[in-house]
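Note sheet for the following structure.
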């Protein structure tokens, strides 16, 4: 607590003033947390001073509060880029809890003094706090914020592959509130940036990235591996399945769950308590969180038994000298037995490294498998165009078209055909976006055989042979186990 107060005072975060008339001060409270390493060992006792913001009303007390948060797709893309170039990924943490980026002007908020640290004789006064702008600081240091991802900043106009030691070497920073991931082609420029940030803020230099948002990171000889072994083991332990017989697949292909299950109900809080990010399987059982039954819990138990047998799996990023961005799009048809909606699956690779995936129930009822595949492809195209532009931003190059793999010939023909006909005239206008993307060359649809359709993993429960074959193909003997906890 004293360290937190010292950090606030060193940054001149506030000063005591008389409370203005007609202003009601906001209360403060202490939040305590144990920070642990990848092995679960306590490395720090953390105390945070937070404002009770729930007493404020939007539009009355504030207009907008924003802290830059890098999406995990960006984090994986940064790691894939670093692996391709053989760079070390660095990690820094801003100690001050009063950072809030992307603000146009200073914001003044009256709060009461911190519990346990009230100044004697000035009990009726309140500190006037303002936000130290991380966004402005980075821009003042010569960084440019990406227009595609507000949590990404770049400095240096040269290509990302600029030789080490060049004065124009590229440095990239991914921001997740007060955590910074730093990569760059010049070790000297990275160290220079660290020194600059330490002058601006009280920061911790955590060295090479090893633990980030619950993700265990290993960097060995240019190979970067992400895993969540400790988190997976906690899920299994919490479910009471430690030492159970593991399952080879997360869901039986014959599983058909419904809202109208006649099985006895189960505790909804327990059912919702653990959500490993296993794409399709967890997304499917999450549809029944409102009124889960024994049937639904049995499906969740199968998922956790699969996790129990794959706690040592992870995502591996290695150099393969390929900058080819390739997407896979697939869909089942009317897999939802209650509403007959389909499930879209999209997966993207950079070279041989998987960087993005999603499994999502479609918002419309498709009248044919062609339409279901077409809707899935449009969603995937949006993600692919964003990733291509973001990759260009990271490398300092122009974005290139995305090779987009689909296994439905009718859907690919529909993407390339700008004419409406009987099979497409009822489809909502927004799903025809992919036609323009194909015309401009941003998306290049390619027919692929069903056997090589990696996105099939994300649309339905598969047999053991099919599931494990696709899993190993997608991750080079590493699976789509969780890379972040929900």
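Numbering (my numbering), first residue to last: 3 to 488.
For glycine and all other residues, C-beta sits at the position ideal for the given N, C-alpha and C.
Bear in mind that the values here come from a model prediction, so they are computed numbers and not experimental data.
Residue range of the unbroken beta strand (DSSP E) whose run includes residue i
{"i": "residue 448", "result": "445-449"}
{"i": "residue 489", "result": "The structure shown has nothing for residue 489, since the chain only spans 3 to 488."}
{"i": "residue 357", "result": "355-363"}
{"i": "residue 230", "result": "No beta strand (DSSP E) holds residue 230; DSSP gives it neither H nor E."}
{"i": "residue 326", "result": "No beta strand (DSSP E) holds residue 326; DSSP gives it neither H nor E."}
{"i": "residue 173", "result": "173-178"}
{"i": "residue 433", "result": "Neither: residue 433 is in no beta strand (DSSP E) and is coded neither H nor E."}
Span separating the alpha-carbon of residue i from that of residue j
{"i": "residue 457", "j": "residue 449", "result": "13 Å"}
{"i": "residue 191", "j": "residue 77", "result": "20 Å"}
{"i": "residue 316", "j": "residue 41", "result": "16 Å"}
{"i": "residue 370", "j": "residue 459", "result": "20 Å"}
{"i": "residue 263", "j": "residue 353", "result": "44 Å"}
{"i": "residue 343", "j": "residue 322", "result": "39 Å"}
{"i": "residue 182", "j": "residue 81", "result": "13 Å"}
{"i": "residue 97", "j": "residue 180", "result": "8 Å"}
{"i": "residue 119", "j": "residue 31", "result": "11 Å"}
{"i": "residue 216", "j": "residue 426", "result": "44 Å"}
{"i": "residue 37", "j": "residue 236", "result": "16 Å"}
{"i": "residue 313", "j": "residue 304", "result": "15 Å"}
{"i": "residue 575", "j": "residue 6", "result": "What is shown of the chain runs 3 to 488, which leaves residue 575 out entirely."}
{"i": "residue 252", "j": "residue 286", "result": "11 Å"}
{"i": "residue 178", "j": "residue 320", "result": "24 Å"}
{"i": "residue 43", "j": "residue 75", "result": "28 Å"}
Range of the contiguous alpha helix (DSSP H) that encloses residue i
{"i": "residue 16", "result": "Neither: residue 16 is in no alpha helix (DSSP H) and is coded neither H nor E."}
{"i": "residue 273", "result": "270-273"}
Beta-carbon proximity check, residue i vs residue j, cutoff 8 Å
{"i": "residue 379", "j": "residue 364", "result": "no"}
{"i": "residue 405", "j": "residue 451", "result": "no"}
{"i": "residue 176", "j": "residue 72", "result": "yes"}
{"i": "residue 310", "j": "residue 248", "result": "yes"}
{"i": "residue 462", "j": "residue 345", "result": "yes"}
{"i": "residue 493", "j": "residue 209", "result": "There is simply no residue 493 to check, as the chain begins at 3 and stops at 488 in what is shown."}
{"i": "residue 394", "j": "residue 445", "result": "no"}
{"i": "residue 246", "j": "residue 307", "result": "yes"}
{"i": "residue 205", "j": "residue 95", "result": "yes"}
{"i": "residue 350", "j": "residue 337", "result": "no"}
{"i": "residue 382", "j": "residue 361", "result": "no"}
{"i": "residue 296", "j": "residue 268", "result": "yes"}
Residue i in three-state terms, based on DSSP
{"i": "residue 236", "result": "helix"}
{"i": "residue 407", "result": "strand"}
{"i": "residue 47", "result": "strand"}
{"i": "residue 442", "result": "helix"}
{"i": "residue 8", "result": "helix"}
{"i": "residue 221", "result": "strand"}
{"i": "residue 34", "result": "strand"}
{"i": "residue 347", "result": "strand"}
{"i": "residue 455", "result": "coil"}
{"i": "residue 474", "result": "helix"}
{"i": "residue 284", "result": "helix"}
{"i": "residue 249", "result": "coil"}
{"i": "residue 205", "result": "strand"}
{"i": "residue 428", "result": "coil"}
{"i": "residue 145", "result": "coil"}
{"i": "residue 319", "result": "strand"}
{"i": "residue 80", "result": "helix"}
{"i": "residue 298", "result": "helix"}
{"i": "residue 342", "result": "coil"}
{"i": "residue 92", "result": "strand"}
{"i": "residue 460", "result": "helix"}
{"i": "residue 20", "result": "strand"}
{"i": "residue 187", "result": "coil"}
{"i": "residue 469", "result": "helix"}
is_contact[residue i, chain B] using C-beta, thresh 8 Å
{"i": "residue 318", "result": "Here there is only one protein chain, and chain B is not present."}
Contact the segment 68-86 vs the segment 219-226: 3+ CB pairs below 8 Å: Touching, yes.
Three or more C-beta pairs below 8 Å linking the segment 409-419 and the segment 346-357: no
Three CB pairs or more closer than 8 Å across the segment 467-475 and the segment 333-341: no
Inter-stretch contact (C-beta, 8 Å, three-pair minimum) for the segment 257-275 and the segment 286-299: yes
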